[in-house]
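Undergrad: Heads up, our numbering is the position in the sequence shown plus 99, with the first residue counted as 1.
Questions regarding the structure given below will be posed in turn.
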Amino acid sequence: MLQALIFDVDGTLADTERVHREAFNHAFAEEGLDWHWDEPTYIRLLEVSGGKERLRRWWMQQRPDTRELDAGAVQQTLDRLHDIKTAYYESAVLDGRVSLRPGVLELIEQAASEGLRLAIATTTSPVNIAALLRPVMGPDWRLRFDAIGDGSSSPVKKPHPQVYQQVLGDLALPASACVAFEDSRNGLLAARAAGLATVITPTAFTAHHRFDGALRVLPDLDGVTVDDLRHWRLPQRVAA
Ligand code: XBP
Ligand code: MG
């Protein structure tokens with residue numbers, strides 16, 4: 100029986116990566132770096148989950164001769180860049196630059212009214228979740244979710260299933276009682292590795308990804324109901 104819905108954040112609850120990209124470029128400018136991530140570059144870099152991990156991948160591409168002994172200084176620079184980026188991103192979201200995708204809030208409300216439990220499983224930073232959900236769900240938004248796994252609580256990022264395994268543990272539910280919602284191949288791989296049926300709603304940043312193994316691939320969640328999810332999860336009768 101379906102008991103819980105588990106939502107990814109970036110790309111799933113909201114189409115956020117345009118503002119994340121802007122925030123990274125702001126941080127580079129603040130630090131006097133002549134780096135700029137255009138959209139094609141960022142789409143490629145999104146294959147790395149986690150903003151800090153993405154920065155590290157970029158750094159090693161730009162400065163492959165970085166010596167092991169400089170690793171501490173490099174990490175300090177990357178951490179500072181990510182702090183600047185996160186502050187800019189949070190303020191942009193609080194300024195209303197990002198809104199929930201179609202159908203998300205309606206599905207969350209309907210699931211809650213039918214007694215289903217709700218959870219979040221994301222690689223983004225916790226402050227980014229609050230910035231997105233507080234304005235639309237109120238100051239008690241966190242009370243709506245029985246479990247929240249994020250980039251801080253699950254340091255091993257998607258496509259590793261750690262964040263989904265942590266959330267399933269916190270819910271004390273088997274994967275078979277839940278449905279996950281994702282936007283990217285990394286997210287699908289992580290959810291599937293945790294045994295979760297997964298509905299995909301790609302964005303322009305992930306539309307080119309392969310989603311084999313998804314329960315459904317939809318343009319968005321507009322009009323999707325809890326009964327749809329129950330029906331989609333039923334074993335498909337093989338045509339006679
Ligand atoms: C998507 C990510 C995040 C964001 C940037 O997370 O990979 O890293 O791109 O946010 P999700 P941070 O799992 O929600 O799709 O800079 O805070 O990591
Ligand atoms: Mg995502």
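The beta-carbon is built from N, C-alpha and C at its ideal position, and this holds for glycine as well.
Would you kindly check if the distance between the Cβ of phenylalanine 304 and the Cβ of phenylalanine 106 is under 7 Å?
TA: Result no, Cβ atoms of phenylalanine 106 and phenylalanine 304 do not sit closer than 7 Å.
Undergrad: For valine 235, verify whether its CB is less than 6 Å away from any heavy atom of the ligand XBP.
TA: Valine 235: no, Cβ never under 6 Å from the ligand XBP.
Undergrad: So threonine 324 and alanine 313 are supposed to be a Cβ contact under 8 Å. How far apart are they, rounded?
TA: Rounded, the Cβ-Cβ distance is 18 Å, inconsistent with contact.
Undergrad: Checking 7 Å against the spacing of the C-beta atoms, do alanine 122 and leucine 199 come in under that value?
TA: Cβ atoms of alanine 122 and leucine 199: not closer than 7 Å.
Undergrad: Who are the Cβ neighbours of alanine 230 in its own chain at under 7 Å, not counting the five residues just before and after it?
TA: Closer than 7 Å at Cβ, skipping near neighbours: Glu189, Val192 and Leu193.
Undergrad: Can you give the Cα-Cα distance for alanine 218 and serine 283, rounded to whole angstroms?
TA: So the two alpha carbons sit approximately 18 Å from each other.
Undergrad: From the DSSP secondary-structure annotation, give me the bridge partner or partners of phenylalanine 106.
TA: Answer is Ile219 and Phe280.
Undergrad: Sort out for me which residues DSSP pairs glycine 322 with in a bridge.
TA: For glycine 322, which the question treats as bridged, DSSP gives no partner whatsoever.
Undergrad: So what does DSSP say about glycine 248, is it helix, strand or coil?
TA: Residue state, collapsed to three classes: strand.
Undergrad: Taking valine 173 as part of the alpha helix (DSSP H), name the residues at either end of that continuous run.
TA: 170 to 193 is the extent of the alpha helix (DSSP H) around valine 173.
Undergrad: Under the criterion of a Cβ to heavy atom distance below 6 Å, does threonine 185 qualify as lining the ligand MG?
TA: It does not: the Cβ of threonine 185 is nowhere closer than 6 Å to a heavy atom of the ligand MG.
Undergrad: Less than 7 Å separating the beta-carbons of alanine 274 and leucine 295?
TA: Against a cut-off of 7 Å, the Cβ pair of leucine 295 and alanine 274 comes out as a contact.
Undergrad: Given that a residue counts as buried once 16 or more other Cβ atoms are within 10 Å of its Cβ, and exposed if not, what is leucine 333?
TA: Leucine 333 should be labelled exposed.
Undergrad: With respect to the beta strand (DSSP E) encompassing threonine 297, which residues constitute its N-terminal and C-terminal limits?
TA: 296 to 299 is the span of the beta strand (DSSP E), which, as asked, contains threonine 297.
Undergrad: Let me check understanding here. Comparing Cα to Cα, which of Asn124, Asp319, Ala290 and Gly322 lies closest to aspartate 311?
TA: Nearest C-alpha to aspartate 311: Ala290.
Undergrad: How about aspartate 300 and leucine 317: do their beta carbons lie closer than 7 Å?
TA: Residue identity differs from the one stated: residue 300 is threonine in this sequence, not aspartate. Yes, they are a contact pair.
Undergrad: So which of Leu242, Asp245 and Ser251 has the shortest CA-CA distance to valine 341?
TA: Here the chain covers residues 100 to 339 and nothing more, so residue 341 does not appear.
Undergrad: Would you mind reading off the limits of the alpha helix (DSSP H) that contains glycine 312?
TA: No alpha helix (DSSP H) holds glycine 312; DSSP gives it neither H nor E.
Undergrad: Report the three-state DSSP secondary structure of leucine 231 (helix, strand or coil).
TA: Leucine 231: helix per DSSP, three-state reduction.
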